[in-house]
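Residue numbers (my numbering): 20 to 440. Each residue gets a CB set at the ideal place from its N, CA and C atoms; glycine is no exception. Quick caveat, the model's predicted, so the values are computed rather than measured.
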Amino acid sequence: MAKFLVQKSDPLCGTVDISGAKNAVLPLMAAAMLADGECIINDVPALRDVDVMKGILESLGVKTEEMGPSVLKIQAEEISTNEADYNLVKRMRASFLVMGPLLARTGRAKVHMPGGCSIGSRPIDLHLKGFRALGAEVISADTYAEAIAPEGGLVGAEIYLDFPSVGATENIITAAVLAKGSTVLENAAQEPEIVDLANFLNKMGARVRGAGTDTIKIEGVERLHGCEHTVIPDRIEAGTFMLAAAITRGNILIRNVLPDHIKPITAKLRECGVVIQMEDEGMRVIGDQKELVSTDIKTMPYPGFPTDIQSPFMAFLTTVQGPSTVIETVFENRFMHVAELNRMGANITTDGNKAMIPGGSTLEGAQVIATDLRAGAAMVLAGLYAEGTTEISEIYHIERGYERFVEKFRALGANIMKVNN
Ligand code: EPZ
């Protein structure tokens, strides 16, 4: 089983280029099914999750072709089936994002229930609520969900999301763009990835307004054509490298980052004493200017503090002077990394969705596991700081969502290597 061996590292320094966003490219690839022409997507990161999504599109009769490094062509003139391949869907929750486009394009979609995962049960009730509101008959069985549009096709509706779910917002937008009439989505997710999806759809001829706010209006159109689009940079990868500079007290220049997308991370790191400044080429993060101190974070839907940065930030907070609290409000079980950090001497205690971090830990290398994609990154960060060697297993989580992870960290001076044993 492959592992990462991470050793205490000198302060990281150098330059890192951020890849296209995993959580933007996956909905974009699914949405490309809506076009009766070809779509070209640039800055596609080389990730296992992208490969899984390609496989699912292919299983639906959609053609995908790599046109060069990080350029993907998707041709959806023909869609041969309404059912997404079970063996592929079960590998990735985001597979469920094909349901909206498939329903809109063919009038029927049957997708295997996406499993829960370590961070929570991950229900899809809000996705299905949206499809029903648009007039679809929805069957929600134990192992699959099926949506069937009425004879005349989907009809625009007013939909309120009980929670600003990212995936439900994406699936409802892609289902509504070809519906008859207009749809208003209230309490919508406001993440940058939603804005990127809306920009992509509007290039295809859709009429989506208000993405990035809590109210999104969609005017249905007859058809959508192909287009070319470049994926936004991955704000979570950027945040991960900001924390790598902070935890090692290093000095890193991060290129291909949109500062507006990482405001909460920048604000909280500055509260800890990390220097963050914009330069011509990118954003410089400096962790060695003074003794770093604690802060408190509470995860919220965008524009609040991102839940995906909660575990990497917690790893950093174990090393600063003073106590911190971390409150996780988005997922019900996203503290699996606490036990792993405690194996390294972090002495974190939890009470429900609140974690208390005493801070001031030296951390000792240990054998730990990556309990989810972002927690895996958090364990690597902790290993860069800890005395001795940290052995991280279950690293397939990390490789699903970070492009050239080891290569990028080693280029900054990190003592990390992948071993297969
Ligand atoms: C997206 O997941 C991201 N994944 C996640 O990133 C991210 O953590 C999450 O949004 C929140 O920002 C992708 O974009 C592929 P949600 P998603 O629906 O869409 C509840 C990573 O590490 N909910 O906003 O699944 C749900 O239980 C991953 O890159 C319902 O109750 O997130 C959760 O508590 C991890 N009913 C909360 O909403 C629903 O129908 C947030 O889920 C849907 C969601």
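Given this structure, state the Cα-to-Cα distance separating residue i from residue j, to the nearest angstrom.
| i | j | result |
| --- | --- | --- |
| R228 | V240 | 13 Å |
| L197 | R242 | 7 Å |
| L220 | R226 | 8 Å |
| V304 | L403 | 17 Å |
| F23 | S38 | 21 Å |
| K109 | G292 | 43 Å |
| K282 | A168 | 40 Å |
| A207 | Q26 | 43 Å |
| N275 | F424 | 16 Å |
| I158 | A166 | 6 Å |
| E96 | L147 | 26 Å |
| M297 | D36 | 15 Å |
| S114 | M72 | 7 Å |
Can you determine whether any heavy atom of the ligand EPZ sits closer than 7 Å to the C-beta of residue i, and answer yes or no?
| i | result |
| --- | --- |
| N42 | yes |
| T326 | yes |
| F150 | no |
| E413 | no |
| V10 | Here the chain comprises residues numbered 20 to 440, so residue 10 is not present and cannot be evaluated. |
| S38 | no |
| D70 | no |
| G402 | no |
| F260 | no |
| D144 | yes |
| E212 | yes |
Would you mind reading off the limits of the beta strand (DSSP E) that contains residue i?
| i | result |
| --- | --- |
| T202 | 201-205 |
| S159 | 156-159 |
| I178 | 177-179 |
| M86 | 82-87 |
| V259 | Residue 259 is actually Thr in this sequence, not Val. Unbroken run through T259 is the alpha helix (DSSP H), 254-266; no beta strand (DSSP E). |
| V90 | 90-94 |
| R18 | Any answer about residue 18 is impossible in this case: the structure gives the chain only from 20 up to 440. |
| N270 | 270-274 |
Report the partner residues of residue i according to the DSSP bridge assignment.
| i | result |
| --- | --- |
| Q26 | T408, N434 |
| R228 | K236 |
| K129 | E102, E165 |
| S441 | Outside the displayed range of the chain (20 to 440) lies residue 441, so it cannot be described from this structure. |
With 16 other CB atoms within 10 Å as the buried threshold, where does residue i fall?
| i | result |
| --- | --- |
| T326 | buried |
| G306 | buried |
| A21 | exposed |
| E212 | buried |
| H244 | exposed |
| E347 | buried |
| Q329 | buried |
| N42 | buried |
Using 7 Å as the cut-off, classify the Cβ of residue i as near or not near the heavy atoms of the ligand MG, replying yes or no.
| i | result |
| --- | --- |
| P64 | The ligand MG is absent from the structure shown, which contains only the ligand EPZ. |
Tell me the residue span of the alpha helix (DSSP H) that contains residue i.
| i | result |
| --- | --- |
| H248 | No alpha helix (DSSP H) contains H248, which is instead part of the beta strand (DSSP E) from 247-249. |
| I191 | 185-195 |
| V312 | Neither: V312 is in no alpha helix (DSSP H) and is coded neither H nor E. |
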